[in-house]
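**Q**
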Amino acid sequence: MGETLIFGHRGSKGTHPENTLLGFAHACHIGAEGLELDVHMSKDGELVVIHDEKLDRTTTGSGYVKDLNLNEIKQYSAGKKFKHLSFYDSSWEKETVPTLEEVLELTADYQVSLNIELKTDTFSYPGIEKKALELSERYHLKSRIIFSSFNLSTLIRIKTLDPEAHTAFLTSKRHLDLERMIQDHQLSGLHLNRSFLISKSNLFTTEHSVPVRVWTVNSARSIKKALDLKLAGIITDYPEKALELKKKHAQSVKHAGINFSGVFKLKH
Numbered sequence: 001m002g003e004t005l006i007f008g009h010r011g012s013k014g015t016h017p018e019n020t021l022l023g024f025a026h027a028c029h030i031g032a033e034g035l036e037l038d039v040h041m042s043k044d045g046e047l048v049v050i051h052d053e054k055l056d057r058t059t060t061g062s063g064y065v066k067d068l069n070l071n072e073i074k075q076y077s078a079g080k081k082f083k084h085l086s087f088y089d090s091s092w093e094k095e096t097v098p099t100l101e102e103v104l105e106l107t108a109d110y111q112v113s114l115n116i117e118l119k120t121d122t123f124s125y126p127g128i129e130k131k132a133l134e135l136s137e138r139y140h141l142k143s144r145i146i147f148s149s150f151n152l153s154t155l156i157r158i159k160t161l162d163p164e165a166h167t168a169f170l171t172s173k174r175h176l177d178l179e180r181m182i183q184d185h186q187l188s189g190l191h192l193n194r195s196f197l198i199s200k201s202n203l204f205t206t207e208h209s210v211p212v213r214v215w216t217v218n219s220a221r222s223i224k225k226a227l228d229l230k231l232a233g234i235i236t237d238y239p240e241k242a243l244e245l246k247k248k249h250a251q252s253v254k255h256a257g258i259n260f261s262g263v264f265k266l267k268h
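By full-length UniProt numbering, the letter at position 67 of the sequence shown is numbered 67, and the numbering carries on one by one without gaps.
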């Protein structure tokens, strides 16, 4: 099993405006091994990178993404509302909601994995899967992209369009038969809420059939636990902090001569 990769959640959400080119560039510069980003579709069919269905929380605009054209969405600042972050600079106000294409252009020269969450759990956005796959092909990033979603139908459509695409199901629900879902829908991974990680029932044991990544893991204790378990990925608001903990963890493991067995399984 490979190393645990550190994914910057929405770029570097804890220190920079979320889902912006500024945040993604920062995460890349500090050495994040992966980026997590969220994608909706505008009224004119453009894939835009923003977490919420509406602009209101993270930008100076308002309204649903699906009801606005890209040029309307681009009129608003995606950085101004993050003055509470310690690194805030007035230049952040020039940040706008990026398109998925802009993010792929930015990251093409960095060796980072991309966890692209298709936000189809509220609105279906017909055609979003095809458009996302076409962009991944255009930028030759298919091997580095994981398409994730809470909406299993979206992942099924991705696999139907491209059986070789990497897909991961997002969930915080422990009652689901995840092993059955993996087999039935050829999932490439599971993206689980951190509640799985801290559960007293010790859900992580022995061998598992696909890589597991956990979100959103910010505390040093939880990051260290994920590293001990050799999970495939840690999705965190603080990638710089997680990278430093990963470095220290590797040194301590080497010093102790610990040999982890690798893969693991969810206990049902």
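For every residue, glycine included, the Cβ atom is placed at its ideal position computed from N, Cα and C. These figures come from a predicted structure and were not determined experimentally.
Hey, how far is the Cα of residue 67 from the Cα of residue 3?
**A** Residue 67 and residue 3: Cα-Cα distance of roughly 42 Å.
**Q** Assuming residue 103 and residue 37 form a contact by the criterion Cβ under 8 Å, report the distance between their Cβ atoms to the nearest whole angstrom.
**A** 6 Å
**Q** Measuring straight from C-alpha to C-alpha, what distance separates residue 6 and residue 227?
**A** Rounded to the nearest whole angstrom, the C-alpha separation of residue 6 and residue 227 is 10 Å.
**Q** For residue 182, collect the residues of the same chain with a Cβ closer than 7 Å to its Cβ; drop the 5 residues on either side in sequence, then sort them by chain order.
**A** Sequence-distant Cβ neighbours of residue 182 in its own chain, meaning closer than 7 Å and more than five residues away, are 209 and 210.
**Q** Rounded to the nearest angstrom, how far is the Cβ of residue 39 from that of residue 119, given a contact under 8 Å?
**A** 6 Å
**Q** What do you get for residue 190, buried or exposed, if any count of 16 or more other CB atoms within 10 angstroms of its CB means buried?
**A** buried
**Q** Compute the Euclidean distance between the alpha carbons of residue 224 and residue 71, then round it to the nearest angstrom.
**A** Roughly 43 Å separates the two Cα atoms.
**Q** Report, in whole angstroms, the separation of the C-beta atoms of residue 133 and residue 162, which I expect to be a contact under 8 Å.
**A** 5 Å
**Q** Where does residue 71 fall in DSSP's three states?
**A** helix
**Q** Which same chain residues end up closer than 8 Å to residue 245 when comparing Cβ atoms and leaving out the 5 residues on each side of it in sequence?
**A** 220, 223, 224 and 227
**Q** With distances taken between CB atoms, is the gap from residue 137 to residue 154 smaller than 8 Å?
**A** Contact: no.
**Q** Is the separation between the beta-carbon of residue 159 and that of residue 165 shorter than 8 Å?
**A** A contact, by the Cβ cut-off of 8 Å.
**Q** Please report the distance separating the alpha-carbon of residue 15 from that of residue 177.
**A** Distance from the CA atom of residue 15 to the CA atom of residue 177, rounded to whole angstroms, is 36 Å.
**Q** Identify the continuous alpha helix (DSSP H) that holds residue 137 and give its terminal residues.
**A** 128-138
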